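Just below is one structure, and these are the notes that go with it.
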Amino acid sequence: MFRISSDLIPFGSSAAMDLAWPEHFAADLERIGEKIRSSGLRVSMHPGQYTVINSPDPEVARRAALDLEYHNLPLDSLRLGPEHKIILHLGGVYGDKDTAKERFIKRWQDLSPAIRSRLVIENDDRLFTIRDVFDVSSRTGIPVVYDNLHNAINPADTSRPDLDWINLAADTSRPDLDWINLAADTWQPADGRQKIHYSQQDPDKRPGAHSSTIAVLPFLDFYEKLPDIDIMLEVKDKNLSALKCINCISNRGISALEAEWGRYKYSVLEHAPAAYQAVRQLLKDKRSYPAIEMYLLIEIALAKEVQLGSAVTAAQHVWGYFCKQASPAEKSRWETALKKYINGAASLGSVKSVLQKLAFKYDEDYLNYSYYFEL
DNA sequence: CACCGTCAAGTCGCA
DNA sequence: TGCGACTTGACGGTG
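Numbering-wise, this note's numbering comes out as the position in the first sequence, counting from 1, plus 467.
In structure tokens form, the structure reads like this:
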């Protein structure tokens, strides 16, 4: 799966956009679309929370419908079928949820068939619960994407109206799996595989904020109960977590872990030299597949503060790729940057920036694909 | 060059 | 009534 950014086409949703970009980029779109189709990739687009089709203001609703057209156009231009989805929340409440749901359904009926065939609806983190979403789905047939974190923050009311608040608190939500199984029935063959959103709470941020990375143990605990469906992660480090989870739920061979370690190693080294050594030991047995252990060590290491000494060591490891071929000017730039960092006059980022430019210039792909410059 | 503010979108909740 | 939070990226100004 791949989530296409809403910023794909600059000014794409603006009234000022009069470029015939689908024609202009026809050859590229054809090539990319063919790659998506032949590889079995499923792409999707996620309009922001500002796309509100159920607003009482008809002008807001009109612009929201145009925004959905804007999101549909790239998918149509790639010649992708209706299993490539557009994911939408229900919108605002305006003091009366039932009326707001009715208005969503009415506005949905006026959308073009192409958009309606792509649309899926998701529970949000403060207004419409998964139960509200099922309510709308049962009357429209729109497939439901269940979001576990949103349901934890904004749980569906599973109580009877006569239950008092104490009992309600004790039985505030059904298990994720119940909702996921219910959502399965809303997906038709033309919609492709059922998809859910999975994310974890960032411990230091407001409720509902996504974590920086997916913690592997809670993910596996969640995953082992699931039927065979698609899971889209919502997480700051994006594909890093996706690859982590894939590597932990399937044996992709020790070489896949070694490749991952190659990308993580300098970051781990600057946070925790002991963990760096531990992972090296762990990967020595070439018949093993210690994915979970490796990612746990990486998670623990990256959660620690960067130490100046180990950050210098890691940077010097990276500098080792260039020390022979670098020009005198480059050598002096590196030494100055490192000295300033050690004296507290510059950030670690400025040292890495010097190294990243060298990696690009000298075509060191081992470093160009390293997470050292990202984490 | 790091850092911070600003911009676009619509709604809701809290001063 | 007005402001901040939500989200995402680019971009401009400051020191």
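Each residue gets a CB set at the ideal place from its N, CA and C atoms; glycine is no exception. For clarity, every value in this text was computed on a predicted model and none was experimentally measured.
Close beta carbons around residue i, own chain, < 7 angstroms, minus the five adjacent residues each side
i           : result
residue 469 : 508 and 510
residue 482 : none
residue 681 : 667, 700, 702, 708, 711 and 712
residue 503 : 510, 545 and 547
residue 516 : 556
residue 659 : 509 and 550
Buried versus exposed, by CB contacts within 10 Å (16 or more), residue i
i           : result
residue 684 : exposed
residue 712 : buried
residue 790 : exposed
residue 497 : exposed
residue 718 : exposed
residue 606 : exposed
residue 835 : exposed
residue 741 : exposed
residue 491 : exposed
residue 833 : exposed
residue 822 : buried
residue 592 : buried
residue 794 : exposed
residue 632 : Interpretation of residue 632 is limited by its pLDDT of 33, a score under 50 that renders its predicted location unreliable; no figure is taken from the coordinates.
residue 810 : exposed
residue 568 : buried
residue 782 : buried
residue 650 : buried
residue 679 : buried
Spatial neighbours of residue i in its chain, beta-carbon cut-off 8 angstroms, leaving aside the 5 residues before and after
i           : result
residue 725 : 750
residue 523 : 561 and 570
residue 763 : 683 and 684
residue 519 : 527, 528, 531, 558 and 559
residue 579 : 536 and 539
residue 499 : 545
residue 691 : none
Anticipated Cβ contact below 8 angstroms, residue i with residue j, distance rounded
i           : j           : result
residue 664 : residue 612 : 6 angstroms
residue 662 : residue 704 : Actually they are not in contact, since the Cβ atoms of residue 662 and residue 704 sit about 20 angstroms apart, beyond 8 angstroms.
residue 473 : residue 551 : Incorrect: roughly 15 angstroms between the Cβ atoms, too far for contact.
residue 535 : residue 514 : 7 angstroms
residue 825 : residue 797 : 6 angstroms
residue 730 : residue 838 : 5 angstroms
residue 805 : residue 818 : 6 angstroms
residue 737 : residue 778 : 4 angstroms
residue 553 : residue 586 : 6 angstroms
Proximal residues to residue i (C-beta, below 6 angstroms), its chain only, five neighbours per side dropped
i           : result
residue 596 : 590, 621 and 623
residue 600 : 588, 590 and 611
residue 646 : 597 and 613
residue 628 : Per-residue confidence for residue 628 stands at a pLDDT of 43, beneath the threshold of 50, marking its modelled position as unreliable; the derived number appears in the next sentence. Excluding sequence neighbours, residue 628 sits near nothing in its chain.
residue 617 : 590, 591 and 592
residue 653 : 604, 610 and 611
For residue i: DSSP bridge partner residues
i           : result
residue 844 : Residue 844 lies beyond the residue range present for the chain, which begins at 468 and ends at 842; the question has no answer from this structure.
residue 665 : 700
residue 586 : 553
residue 495 : DSSP output for residue 495 lists no bridge partner at all.
residue 677 : 668
residue 612 : 589
Closest residue to residue i among the options (Cα-Cα distance)
i           : options               : result
residue 643 : 535, 601, 689 and 736 : 689
residue 780 : 733, 648 and 811      : 733
residue 533 : 656, 776 and 581      : 581
residue 686 : 512, 674, 659 and 715 : 715
residue 493 : 741, 565 and 542      : 542
residue 573 : 529, 742, 585 and 500 : 529
residue 566 : 652, 501, 480 and 603 : 603
residue 544 : 593, 520, 488 and 584 : 488
residue 745 : 731, 756 and 761      : 761
residue 759 : 706, 583, 675 and 723 : 723
residue 756 : 728, 505, 812 and 558 : 728
residue 720 : 478, 739 and 754      : 754
residue 773 : 808, 653 and 677      : 808
residue 827 : 788, 811, 812 and 813 : 788
residue 792 : 831, 768, 735 and 477 : 831
residue 648 : 505, 693 and 501      : 693
residue 768 : 655, 840, 739 and 478 : 739
residue 816 : 564, 841, 799 and 800 : 841
residue 475 : 506, 512, 485 and 505 : 512
residue 615 : 671, 608 and 677      : 677
Near the ligand ATP: residue i beta-carbon under 7 angstroms from a heavy atom
i           : result
residue 586 : This structure does not include the ligand ATP; it has no bound ligands of any sort.
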